[in-house]
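Worksheet for the structure shown next.
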Amino acid sequence: MAVSTPPPVRVWEHNFAIYKQVWASNVMASVIRPLMYVLGMGIGVGGLVDGGPRSGEVLDGLTYFQFFGPSMIATSAMMVLVNDALWPIHGGFKWHRVFFSQAATPITPGEIVTGVALWHFTKGLLASAGVGLVLALFPSIRSWGLLAAVLFGALTGLAFAAPITAWSAWREDTTSFPNINRFVIVPMFLFSGAFYPISQLPVWLQWFSRFTPVWHGVELGRGAVYGLLSFGQVVGHVAYLLLWCAVGMLLSRRVFADRLGN
Amino acid sequence: MSSGPCHLSNTGDDTVIRARKLTKHFGDFEAVKGIDFEVRAGEAFGFLGPNGAGKSSTMRMIGAVSPVSSGELRIFGLDPVTDGRAIRARLGVVPQMDELDELLRVKENLVIYGRYFDIPLAQCKAKADELLDFVQLGDRADGKIRELSGGMKRRVTIARSLMSDPDILLLDEPTTGLDPQARHVLWDRLYRLKSQGVTLVLTTHYMDEAEQLCDRLVVMDHGQIVAEGSPAELIRTHSPREVLELRFVDPDNPGGPGAEINKAMSEKLDGVGARQEVLPDRILIYAENGEEALSEVHRREIEPETAMVRRSTLEDVFLRLTGRTLVD
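Protein chains in written order, with numbering that gives the first Met the number 0: chain A, 0 to 261; chain B, 0 to 327.
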């Protein structure tokens, strides 16, 4: 008798089978995009910022290139997973209906949600690792802390994917989807503390930054690479990201159960 | 294929599905209104009815995905509320819409589906090859789903549903939208499955499909069962043996609707055959002997545009029971 595979892992296998068809273009995107950002922003903007009157104190003694580079880990995972949690999830109910196929087998709706989250976390790891590899090319950033940063990046991705999965499963059509990118993700990206420390913002905008999961992911990534965070700070950021994952998955369970068991 | 005998638990007889006062409502709408039926192991059982009769809702309850609103439902003697997973493990489901994954190749669709049942990968691959041969698509194993015809996709979906060697195969309108040849290929495969001991439960709104495939069927309308029996029994009980179909053309308005002329003719035809049914485009005369009825029509000097005698079918049964045609 073969060892039994947990049901969520069987759901994960379906996603992995599809990923195997498209992995080449995916890997290219997750390496080339961060490379462009790191070079464009890190070196281009960095040249203007470094040596400026307050750069040393504001950037924790880092060069702009060092400051900006690791923040790409969490933001890339966010960008990749927002889109993975929109169209493919909606299609699973409305187009190819894979979730209905899965629900007709011994797998339960709750296990489907767990399997999807497991896959999203995997995609987060892959996206983060792509950035991590690019960053490891540069001696001024290269550190073992990048490994932890990749893990935090995947967690940040899931903190977005889980609630957005609930949203796209719940919606009857996709008209709102482009606006999620325009009005939710882009502002979060801009105020995430990836491009500058949020201390540069007015206080009310700093609170917006603190509310978004991505700022916590950016802080964790940079902190892991340069050892800037206390243990308590790490626990706080991780707990906040886990909260978003948990709330998102609970909402998803409700929506999936409603849609699949009616 | 190695579909073993059905393993029955908690039932002494060979009943695999038993429903008592089975009800399903969505909010205020009652889709299934307290129906009773039983399906025995190895038989082909059909739910016949028009769209909206409650067939699919019933199938989804049997499939242990949609909760029963009230009444009792037992599948293999198990309660879907508490044993949904165990029930689904023994069912093969062919949904109304093909749910194949276009991003995966034909065989991969089967292999991944088999994995949902926790069948080891190597076994899934062997089984997928075997089943693709069974549905006569062995040469398409590495093909793309997009490149298959509607009938081929249906056959892939049936092959997929057989990955777990189910004891019961649930087919929701298996041939809707297929051309006649594709339907016959599909029916042939379903016969084969039945002869191997798989219990078939299907919904259809095609009379010929129900007559071809089903040992026993229930006729559903508005969420209720209005008749039950074998196709032959139903026809025998609810309809005389033959049907005379008459079409009339209004001489004053040859291209217009036939309703008025049909109404006028209906009165003249009163008493011919056992019973008549006036449809928008024709009049049906039910009679034990259609030719005799036609002679009577001619004797009355009624001149239909066309006249045809045929054997009565389930369509006639449905018309008799509900006053409506099945497929508009």
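Yeah, the Cβ is synthetic: ideal placement off N, Cα and C, and Gly gets one too.
Neighbourhood of E328/B by C-beta distance below 7 Å, restricted to the same chain and skipping five residues each side: Not covered by the structure: residue 328/B. The range shown for chain B is 0 to 327.
For I111/B, which three-state DSSP category applies? Looking at I111/B - three-state DSSP - the assignment turns out to be helix.
Looking at the secondary structure, which residues open and close the beta strand (DSSP E) in which F182/A lies? Note, F182/A: premise wrong, no beta strand (DSSP E); not H, not E.
When you compare the CB positions of A158/B and L131/B, do they come within less than 7 Å of one another, or not? yes
Check the DSSP bridge columns for F46/B and list the partner residues they point to. T202/B, V217/B.
Where does S1/B land, buried or exposed, given buried means 16+ other C-beta within 10 angstroms? Confidence is the limiting factor: at S1/B the pLDDT is only 42, short of 50, which leaves the residue's position unreliable, though a coordinate-based value still follows. Per the 10 Å Cβ criterion, exposed.
Examine the Cβ distances between the stretch 65-75 of chain B and the stretch 100-119 of chain B and report whether three or more of them are shorter than 8 Å. At 8 Å Cβ cutoff, the stretches do not touch.
So what's R145/B in DSSP terms, helix, strand or just coil? helix
Please state if the CB of W169/A and the CB of V44/A are separated by a distance shorter than 7 Å. no
If we define contact as Cβ-Cβ less than 7 Å, is R145/B a contact residue for chain A? no
Below-7 Å beta-carbon distance, Q101/A vs any chain B residue: yes
Could you tell me if I16/B is buried or exposed, where buried requires 16 or more neighbouring beta carbons within 10 angstroms of its beta carbon? buried
For I17/A, name the three-state secondary structure that DSSP assigns. helix
As an exercise, report each continuous alpha helix (DSSP H) stretch of at least 4 residues that is fully enclosed by the stretch 216-247 of chain B, in chain order. 230-237
Between the stretch 114-136 of chain B and chain A, which residues of the former have a C-beta closer than 7 Å to a C-beta of the latter? Result list: R114, Y115, F116, D117, P119.
What whole-angstrom Cβ distance do V213/A and A126/A have, given they're in contact under 8 Å? Rounded, the Cβ-Cβ distance is 13 Å, inconsistent with contact.
I think H237/B touches R319/B, with their Cβ atoms under 8 Å apart; what is that distance to the nearest whole Å? 5 Å
Go ahead and label V195/B buried or exposed: buried means 16 or more other beta carbons lie within 10 angstroms of its beta carbon, across all protein chains shown. The sequence shown places Gln at residue 195/B, rather than the Val named in the question. Here Q195/B is exposed, its C-beta having fewer than 16 other C-beta atoms within 10 Å.
Quick check: what's the CA-CA separation for T305/B versus R188/B? One alpha carbon belongs to T305/B, the other to R188/B, and they sit about 38 Å apart.
Evaluate S175/A with the Cβ neighbour count: other Cβ atoms within 10 Å of its Cβ, from every protein chain shown; 16 or more gives buried, anything less gives exposed. exposed
Simplified DSSP assignment, three categories, for H95/A: It is coil, neither helix nor strand.
Residues within the stretch 50-68 of chain B neighbouring chain A, beta-carbon criterion of under 9 Å: Along the stretch 50-68 of chain B, the positions whose C-beta sits under 9 Å from a C-beta of chain A are R59, G62, A63, V64, S65, P66, read in chain order.
Report the option in L124/A, A165/A, F137/A, F159/A whose CA atom is closest to the CA atom of L146/A. Closest option to L146/A, Cα to Cα, is L124/A.
So which residues of chain B does N261/A contact, with C-beta pairs closer than 9 Å? F25, R59, V64, S65, P66
In chain order, each alpha helix (DSSP H) run of at least 4 residues that lies wholly inside the stretch 74-139 of chain B: 79-87, 105-115, 120-133
Which of the three DSSP states is assigned to I167/B in this structure? strand
Given this structure, state the Cα-to-Cα distance separating V27/A from P69/A, to the nearest angstrom. For the sequence presented, residue 27/A should be read as Met rather than Val. Distance between the alpha carbons of M27/A and P69/A is about 19 Å.
For a contact defined as C-beta to C-beta under 9 Å, what are the partners of D330/B on chain A? Examination of residue 330/B is not possible in this model, given that chain B is present from 0 through 327 alone.
Figure out for me which residue from T155/A, R181/A, F188/A has the closest Cα to the Cα of A76/A. T155/A
Within 7 Å (strictly less), CB to CB, does R9/A reach chain B? Residue-level contact check: R9/A touches chain B, since one or more beta carbons of chain B fall below 7 Å from its beta carbon.
Using only alpha-carbon positions, find the residue among R145/B, N108/B, V92/B that is nearest to L169/B. V92/B
Spatial neighbours of D327/B within its chain, please: C-beta separation below 6 Å, excluding the five flanking residues on both sides. Note on D327/B: pLDDT 49, under 50, position unreliable in the model; no value is reported.
Contact belief for R309/B with V242/B at Cβ below 8 Å, rounded distance in angstroms: 5 Å
Roughly how many whole angstroms lie between the Cα atoms of W86/A and F120/A? So the alpha carbons of these two residues sit roughly 17 Å apart.
DSSP beta-bridge partners of E29/B: H24/B
Any beta carbon from chain A within less than 7 Å of I111/B's own beta carbon? yes
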